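Structure first, then comments.
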Amino acid sequence: MASSHSKSGFFFNGLNELRAFAALAVLFHHIEMLKFKDGIISLFDYKISRYFIENVGKNGVYLFFVLSGFLITFLLLKEKAKTGTILFKNFYLRRIFRIWPLYYIILLISFVIIPLLNQSFAIFSDTSYYFNRLVNEGNYRLTTILLYVSFLPNVALQLGTVLVGCSQSWSVGVEEQFYIIWPFLIYFFSKKKILGVFFGILILFILFNLQSILPIIKFVTSIFPFEFMAIGSIGGFIYFYYKEHIELISNNKYVYLLCILGIIFLLAVPVLGLYIQNVLLAFLFLALIIISVNDSNPLAYRNRVFSFLGKISYGIYMYHSFLMFLIFPIVAKLLPAHENIIIYNVLLYFLLVTSTILISHLSYKYIETYFIKIKDTRFKSI
Numbered sequence: 167m168a169s170s171h172s173k174s175g176f177f178f179n180g181l182n183e184l185r186a187f188a189a190l191a192v193l194f195h196h197i198e199m200l201k202f203k204d205g206i207i208s209l210f211d212y213k214i215s216r217y218f219i220e221n222v223g224k225n226g227v228y229l230f231f232v233l234s235g236f237l238i239t240f241l242l243l244k245e246k247a248k249t250g251t252i253l254f255k256n257f258y259l260r261r262i263f264r265i266w267p268l269y270y271i272i273l274l275i276s277f278v279i280i281p282l283l284n285q286s287f288a289i290f291s292d293t294s295y296y297f298n299r300l301v302n303e304g305n306y307r308l309t310t311i312l313l314y315v316s317f318l319p320n321v322a323l324q325l326g327t328v329l330v331g332c333s334q335s336w337s338v339g340v341e342e343q344f345y346i347i348w349p350f351l352i353y354f355f356s357k358k359k360i361l362g363v364f365f366g367i368l369i370l371f372i373l374f375n376l377q378s379i380l381p382i383i384k385f386v387t388s389i390f391p392f393e394f395m396a397i398g399s400i401g402g403f404i405y406f407y408y409k410e411h412i413e414l415i416s417n418n419k420y421v422y423l424l425c426i427l428g429i430i431f432l433l434a435v436p437v438l439g440l441y442i443q444n445v446l447l448a449f450l451f452l453a454l455i456i457i458s459v460n461d462s463n464p465l466a467y468r469n470r471v472f473s474f475l476g477k478i479s480y481g482i483y484m485y486h487s488f489l490m491f492l493i494f495p496i497v498a499k500l501l502p503a504h505e506n507i508i509i510y511n512v513l514l515y516f517l518l519v520t521s522t523i524l525i526s527h528l529s530y531k532y533i534e535t536y537f538i539k540i541k542d543t544r545f546k547s548i
């Protein structure tokens, strides 16, 4: 999820643009979802757009998962091929310095700052859905705090605890758990076996999600959706060992066109079961990733604005929920939605998008970059 640009390490062009689309998809989904939950007309109210808006945010997260699987697998295979081993200490410390600082800042905001603001200013009670969550003291019990502090937000969310400001961090927890396991798989399994391991994980998780005799197994696989990382890992393996063959296919404009049209269609139209449709989308995301990282491909999307947004996409993903808590009631006071829904939406989106980008940029520049420099100088990747 976090951008991995490094002056000292390997960097794929094209991935930041995809990160930007994924983060903005989540932001878009959450804005419309909160409008709907608070009784404001949203895309959830229209049959033609309901399926799309219900699933675009989740698939933005799945794009992050596939991307992580692809990138981490490629980099670990590259390190193992070059050095004959994997520097586990460097790998984990690089992840820690990139992910933990912002994660714990968000926890501080969610567990301390938001409740204080809610108690101090009556305006925040005007956003009924958020307010109802805040007044539920059970959401702030010790068990929940320990789950979040221990990087198990996905477990907390699956147990029904929705926290204003940090529930979106469930996916960060999934990625951290993925990072714990994956280096060992690549270290211990040979080239001949590791691809089979990735396919085995993918097939098992799909089967458990579709038909599980024991409910606990389906519950566990829903907490740890590693099948999406496995899809990315399969792509990372194939791209590392068979790059030239893959690029011959990905350079075809018809492959690119089918990929884009397929993503748009599956995001907008329910034709299969939701889970299977999301898995198919993940494979299309993988195809899009492979197309995007090929610098010789004229079809690969490059854009300075989206590259910038992708660089700060971790902040966009993590801060937007807190900014929604702040901005929704302010906009409701300035211009109630029932007076002019069009102007309300313009004002809401303008304030939310610009403030999220601004805060994310400042966070990246003055907080995250400090820790990125540490990881890139002291714990260099190959």
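Count along the sequence shown from 1, add 166, and you get the number used in the working numbering. All C-beta atoms, glycine included, are put in the ideal place defined by N, C-alpha and C. None of these values were measured; they are calculated from a predicted model.
Would the beta-carbon of Glu-245 fall within 8 Å of that of Ile-219? Contact flag unset, no.
By DSSP, does Ile-275 sit in helix, in strand, or in coil? Residue state, collapsed to three classes: helix.
Does the segment 450 to 468 come into contact with the segment 423 to 433, if we say contact requires no fewer than three beta-carbon pairs (one atom in each stretch) closer than 8 Å? Judged by Cβ distances under 8 Å, the segment 450 to 468 makes contact with the segment 423 to 433, as three or more pairs qualify.
Go through its chain and collect everything with a Cβ distance to Phe-374's Cβ below 7 Å, but skip five positions before and after it. So the list reads Ile-383, Lys-384 and Thr-387, once near-sequence residues are dropped.
When the Cβ atoms of the segment 308 to 315 are set against those of the segment 192 to 212, are three or more pairs found closer than 8 Å? Too few Cβ pairs lie closer than 8 Å, so no.
Could you tell me the distance, in whole angstroms, from the CA atom of Phe-516 to the CA atom of Ile-252? Each residue's CA atom was taken as its position, placing Phe-516 and Ile-252 some 45 Å apart.
Helix, strand or coil: which one does DSSP assign to Asp-211? Asp-211 falls in the helix class under three-state DSSP.
Select from Ile-442, Asn-418, Lys-419 and Ile-360 the residue whose C-alpha is nearest the C-alpha of Phe-406. Of the candidates Ile-442, Asn-418, Lys-419 and Ile-360, the one whose C-alpha sits nearest the C-alpha of Phe-406 is Ile-360.
Which first and last residues belong to the alpha helix (DSSP H) in which Leu-518 is found? Looking at the DSSP string, the run of the alpha helix (DSSP H) that includes Leu-518 is 507 to 529.
Would you tell me roughly how many angstroms separate the C-alpha atoms of Ser-174 and Asn-256, rounded to the nearest one? With a pLDDT of only 45 at Ser-174, under the threshold of 50, the placement of this residue in the model should not be trusted; the figure read from the coordinates follows. The straight-line gap from Cα to Cα measures roughly 13 Å.
Since I believe Ser-416 is in contact with Cys-122 (beta carbons under 8 Å), could you give me their beta-carbon distance rounded to a whole number of angstroms? The first residue shown for the chain is 167 and the last is 548, placing residue 122 beyond what the model contains.
Confirm the yes/no value for this check: CB of Ser-473, any heavy atom of the ligand COA, distance under 7 Å. For the ligand COA, the structure offers nothing, since it holds no ligand at all.
Would you tell me roughly how many angstroms separate the C-alpha atoms of Pro-381 and Asn-225, rounded to the nearest one? Distance between the alpha carbons of Pro-381 and Asn-225: 24 Å.
Whose C-alpha, out of Leu-454, Pro-436, Asp-542 and Lys-546, is nearest the C-alpha of Ile-214? Checked all of Leu-454, Pro-436, Asp-542 and Lys-546; the closest Cα to Ile-214 is Pro-436.
Less than 7 Å between C-beta atoms, sequence neighbours within five positions excluded: which residues of the same chain meet that for Asp-461? Closer than 7 Å at Cβ, skipping near neighbours: Asn-179.
So which of Ile-426, Phe-394 and Leu-518 has the shortest CA-CA distance to Ile-457? Among Ile-426, Phe-394 and Leu-518, the Cα nearest to that of Ile-457 is on Ile-426.
Do you know offhand how far Pro-281's Cα is from Lys-499's? The C-alpha of Lys-499 is placed about 20 Å away from the C-alpha of Pro-281.
Cα separation between Ile-262 and His-504? Each residue's alpha carbon lies about 46 Å from the other.
Are the CB atoms of Leu-193 and His-486 within a distance shorter than 8 Å? The answer is yes: Cβ separation under 8 Å.
Can you tell me where the alpha helix (DSSP H) with Thr-310 in it begins and where it stops? Unbroken alpha helix (DSSP H) run through Thr-310: 308 to 315.
Taking Cβ positions, are Ser-234 and Phe-344 nearer each other than 8 Å? A distance below 8 Å separates the beta carbons of Ser-234 and Phe-344.
For the segment 414 to 448, which segments carrying the alpha helix (DSSP H) assignment without a break, of at least 4 residues, lie completely within its bounds, in sequence order? For the segment 414 to 448, the continuous alpha helix (DSSP H) assignments of 4+ residues that do not extend past its boundaries occur at 419 to 434, in sequence order.
Give me the residue from Gly-205, Phe-236 and Ile-372 with the minimum Cα distance to Asn-293. Here residue 293 turns out to be Thr, not Asn, going by the sequence shown. Residue Gly-205 holds the alpha-carbon nearest to the alpha-carbon of Thr-293 among Gly-205, Phe-236 and Ile-372.
Judging by CA-CA distance, which residue of Ile-538, Tyr-483 and Phe-491 is the nearest neighbour of Ser-337? By alpha-carbon distance to Ser-337, the top candidate from Ile-538, Tyr-483 and Phe-491 is Tyr-483.
So, at 6 Å on beta carbons, what are the nonlocal neighbours of Tyr-217 in its own chain, with the 5 sequence-adjacent residues on each side left out? Excluding residues within five positions, the ones whose Cβ falls inside 6 Å are Pro-436.
For Met-395, I'd like the list of residues in its chain whose CB is within less than 7 Å of its CB, leaving aside the five on either flank, ordered along the chain. Leaving aside the five residues that flank Met-395 on each side, the residues in its chain whose CB is nearer than 7 Å to its CB run, in chain order, Phe-231, Ser-234, Gly-235 and Phe-344.
Is Val-321 helix, strand or coil by DSSP? Here Val-321 sits in helix by DSSP.
Whole-Å CB distance - Ile-455 paired with Leu-184, under 8 Å assumed: Taking a contact as a CB-CB distance under 8 Å, the pair Ile-455 and Leu-184 counts as one, their CB atoms being some 7 Å apart.
Closest Cα partner of Leu-209 within the set Ile-508, Thr-522, Leu-423 and Glu-534: Cα-wise, what sits closest to Leu-209 is Ile-508.
Using three-state DSSP, classify Gln-334 as helix, strand or coil. Three-state result, Gln-334: helix.
Got a sec, what are the start and stop residues for the alpha helix (DSSP H) Lys-359 sits in? Run containing Lys-359: 357 to 376, per the alpha helix (DSSP H) assignment.
N- and C-terminal bounds of the alpha helix (DSSP H) containing Asp-204: From DSSP, Asp-204 is part of no alpha helix (DSSP H); its letter is neither H nor E.
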